[in-house]
Amino acid sequence: MVIKEIIEDLTSKDVTRIRRSGLIIIRKSQDETEIEKIIPYKTQIEKATKDLVLGGVFASNNRFFQFPLEIIAFHQELNSLIGNQRKCTCQLYLSKTYESFNPEQEAENESIQLNHKINGTYTYDYEIECLKCGSRYYVSEREYHYTWWKWTKITETVEFTESGQKQIDDEAKFVLCSVATILRHEVVNINELNYQKERIFNFRMKLGTFKGTEYFEGQYGWTECFENLNKEIEQKLKIKNE
Ligand SMILES: [Zn+2]
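Numbering (this note's numbering), first residue to last: 1430 to 1671.
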């Protein structure tokens, strides 16, 4: 990164320049060495962007300076002893300030690994793993006027019998644990519930139609795991519809 240029852009009050350099910082969010170089300029950027309103049609362009500032502040805290013990840079993926973290681009980071990319409902679902801390994320591609990605840290585990075919076991684990996480840790609306229901359906279709996996559900008792989640979804849907 050319620090001088980035600082000049971010303090320019010009939307195109702020966006350009803001995105460079965002792309480096996982890189401690690079972000560290900008920490000394944090106050300067804050002053230049104070009360700045950049407009934006579907999302405010202010995110192109607000989120870089959030990243810098995060790394600054990480440098302190207390921050270092509890935090990992991958937590930045959960920020609501910026929802355009493309999982495939992020997987170009040394510390970020793309485990799975599978067909979701209309779009793709990704499992991303942070190699620094071992956290796994369910990343869902969404369309709403523009493409964005919803990142959720997978915190639930669902016990199931493995088939011994690693790829499909890993995918099953990903689907089960991510759906369970969404259901138990997020305030979900009807759309989201149907979305998750569809994911389970799609994965079961995939299992059922591929030669070699068509009997897995019965053979390894996976039907019960899927049905338990479906039951949870139906219960929540029933409450919503009442
Ligand atoms: Zn991490």
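Backbone N, C-alpha and C fix where the C-beta goes; we use that ideal spot for every residue, glycine too.
If you look at residue 1481, you'll find it isn't in any alpha helix (DSSP H); DSSP assigns it neither H nor E. Among the bridge pairs identified by DSSP, residue 1543 is matched with 1557. Runs of the alpha helix (DSSP H) spanning 4 or more residues and lying entirely within the stretch 1555 to 1643 occur at 1595 to 1614 and 1619 to 1638, in chain order. Excluding residues up to 5 positions away in sequence, 1598 and 1649 lie with their Cβ nearer than 8 Å to the Cβ of residue 1591 in the same chain.
Here residue 1457 is buried: its Cβ has 16 or more other Cβ atoms, across all protein chains shown, within 10 Å. For residue 1469, there is no enclosing alpha helix (DSSP H), as DSSP gives it neither H nor E. Burial is judged here by how many other beta carbons sit within 10 angstroms of a residue's own beta carbon; residue 1558 has at least 16 and is buried.
Bounds of the alpha helix (DSSP H) holding residue 1502 are 1492 to 1508. For ligand 1, residues qualifying as neighbours are 1517, 1519, 1559, 1561, 1562 and 1564, where qualification means a beta carbon closer than 6 Å to at least one of its heavy atoms (chain order). Contact between residue 1498 and residue 1475 is confirmed by a C-beta separation of about 6 Å, below the 8 Å threshold.
When the Cα atoms are used, residue 1518 and residue 1629 turn out to be separated by approximately 30 Å.
About 7 Å separates the beta carbon of residue 1659 from that of residue 1626, a gap short enough to meet the 8 Å contact definition.
Taking every protein chain shown into account, the CB of residue 1486 has fewer than 16 other CB atoms within 10 angstroms, so this residue is exposed. Taking the Cα positions, residue 1492 is about 10 Å away from residue 1484. Scanning its chain for C-beta atoms nearer than 8 Å, with the 5 sequence neighbours on each side dropped, one finds around residue 1652 the residues 1646, in chain order.
Counting along the chain, the unbroken alpha helix (DSSP H) around residue 1450 starts and ends at 1444 to 1456.
A distance below 8 Å separates the beta carbons of residue 1578 and residue 1531.
Assigned with DSSP and collapsed to three states, residue 1531 falls in coil, not helix or strand.
For residue 1601, the closest of 1467, 1544, 1570 and 1453 by C-alpha to C-alpha distance is 1544.
Secondary structure note for residue 1438: its alpha helix (DSSP H) is the uninterrupted segment 1432 to 1439. Shown here for residue 1583: same chain residues with a beta carbon closer than 7 Å to its own, the five before and five after excluded, namely 1565, 1566, 1567, 1606, 1607 and 1610 in chain order.
If you look at residue 1657, you'll find it in the alpha helix (DSSP H) that goes 1651 to 1670. Cβ-Cβ distances below 6 Å link residue 1622 to 1662, 1665 and 1666 in the same chain, with the five nearest sequence neighbours on each side left out; the list follows chain order.
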